[in-house]
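**Q**
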Amino acid sequence: MPVVSAGLVSLVLGYMLSQFYRAFLAVLAPVLERQIGATPGDLALSSGLWFIAFAALQLPVGAALDRHGPRLTVALLLALGGGGGAAVFALAQAPWHLHVAMALLGIGCSPALMGPYFIFAREYPQAVFGTLAGMLVGFGSLGNILGAAPLVTVIQTFGWRPTLWGLAALTLLVAGLIMTFVRDPARLGQDHPQGSLGQILRLRALWFILPLFAVNYAVTAGIRGLWAAPWLEKVHGADATQIGRVTLAMGLAMVAGSFAVGPAARLIGSVRRAVLVFSAVMIAVMAVMWLQPALPIAMVTLLLVILGFFGSAYPLLMAHGRSFLPPHLVGRGVTFLNMFSIGGVGVMQFASRPVYATAQAAYPPAQAFAMLWLFFLVPLVIGFLLYFLTPEARHD
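The following block contains the structure:
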């Protein structure tokens, strides 16, 4: 297990910011609509841009990790993109300003998880990678929690613009801590070949992992970070406080799930089988949401909690994919896998906008959201079925 150090703590703080920034729009939605006219569709676009920008940076981030190490890569991007994006958000006067801000934030957060994953992959045994990856996501997901009910309280106390200025300052502080305390792994010797994207693409074991990578996290990220709030408001009449509580409960379940994935894989007997179990539960929950979108709010909360817990298989998918990567492909390989995951979120959020707009025009609110849940469910089922074709992880 890793020794707790100032460098590791600073990287966890950076990942907490990444989790916060990808999810905080859900509770800002009502105030942004009132003050600058940002509709749910506008926020879907803004949120999608965060994920698209994040995904677009993954291959450059992978090359930078292999070449320059995580210290410089994470600190510079977090300071420039993260701090700058929060400042642009604080100054926003129109929905398109939010689009720019969220794209910058996506760039700034793009190495936040891959930096520590690079260190885990290079400095710790492969057998514990999934556990370490899950623990990092679990601790980092506290940022997701802070983006729910606690953020509502802060905004109600100080206002949303001062809150964003405070976040900009905090982001710059964390970037400075990373620059100061993180120590890069030792560089590989000259006997290791240079990695390339082509070498990653030739790893056949990854081919049928990638479809589930592209949709697994997209479901929970899209619902928790974007669509839960309008669903609760328009179908169940929830106010900002209720929305904050429900999304907080889902966020806590996501944290618990991230800590549970390592023990679950050991209990079930393999990383691959654990992913299949977690994904099957997700499919069952999404099917209920599709067929019964207007259940009482207590049942909706329970469904979102279950979805959050069992939608936390990302560390297992990463551990499965990482097991097929040779040392010289670790940086580019994990970021390539992450590109599919985050890119899938961005694509699904972009596509969910016209799906919801079309359904809203044709159906009452509950049925419109049923169509939206079906949109998320179908690709999840396809990725789940294709995943059966993958081999077991090496040294599982």
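So the sequence shown is residues 0 to 395, counted in numbering that gives the first Met the number 0.
Here a beta-carbon is modelled for each residue, glycine too, at the ideal position from N, C-alpha and C.
Since the model is a prediction, treat every value here as computed from it, not as a measurement.
(1) Does the count of Cβ pairs from the stretch 200-212 and the stretch 310-325 closer than 8 Å reach three?
(2) Might you give, ordered along the chain, the residues of its own chain that have their beta carbon closer than 7 Å to the beta carbon of A263, omitting 5 neighbours on each side?
(3) I'd like to know if the stretch 169-180 and the stretch 6-22 are in contact, where contact means that at least 3 CB-CB pairs between them fall below 8 Å.
(4) Could you tell me the alpha carbon to alpha carbon distance between P363 and A252, rounded to whole angstroms?
(5) Could you tell me the alpha carbon to alpha carbon distance between R271 and T156, rounded to whole angstroms?
(6) Name the two residues that bound the continuous alpha helix (DSSP H) containing G238.
(7) Thinking C-alpha only, which one of L71, A369, L211 is nearest A293?
(8) Skipping 5 residues on each side, what residues in its chain have a beta carbon closer than 6 Å to that of A86?
(9) Looking only at C-alpha atoms, which of R70, G129, L371, Q34 sits nearest to M288?
(10) Secondary structure at T219, three-state DSSP: helix, strand or coil?
(11) Using the rule of at least 16 other Cβ atoms within 10 Å of the residue's Cβ for burial, across every protein chain shown, is M0 buried or exposed?
(12) When the Cβ atoms of the stretch 238-253 are set against those of the stretch 104-118, are three or more pairs found closer than 8 Å?
(13) I'd like to know if the stretch 219-234 and the stretch 16-29 are in contact, where contact means that at least 3 CB-CB pairs between them fall below 8 Å.
(14) So, for F349: in the same chain, excluding its five sequence neighbours on each side, which residues have a beta-carbon less than 6 Å away from its beta-carbon?
(15) Use the C-beta contact count for Y14: other C-beta atoms within 10 angstroms, 16 or more gives buried, fewer gives exposed.
(16) Between the alpha carbons of Y216 and G382, how many angstroms are there, rounded?
(17) For the stretch 30-41 and the stretch 59-66, state whether three or more C-beta atom pairs, one from each stretch, are separated by less than 8 Å.
(18) Give me the residue from V26, Q366, V304, V214 with the minimum Cα distance to L376.
(19) Report back the beta-carbon spacing between V26 and V151 to the nearest angstrom; my notes put them in contact at under 8 Å.
(20) Excluding the 5 residues flanking L41 on each side, which residues of the same chain have their C-beta closer than 6 Å to its C-beta?
**A** Inspection of the coordinates gives the following:
(1) yes
(2) A273
(3) yes
(4) 30 Å
(5) 46 Å
(6) Just to set this straight, residue 238 is Asp in the shown sequence, not Gly. Per DSSP, D238 belongs to no alpha helix (DSSP H) and is neither H nor E.
(7) A369
(8) A167
(9) L371
(10) helix
(11) For M0, the pLDDT reaches just 45, beneath the cut-off of 50, and the residue's location in the model is therefore unreliable, although a value from the coordinates is still provided. Classification for M0: exposed.
(12) no
(13) yes
(14) G47
(15) buried
(16) 12 Å
(17) no
(18) V214
(19) 5 Å
(20) In the sequence on display, residue 41 carries Asp and not Leu. For D41, where only same-chain residues beyond five positions count, the Cβ hits under 6 Å are P94.
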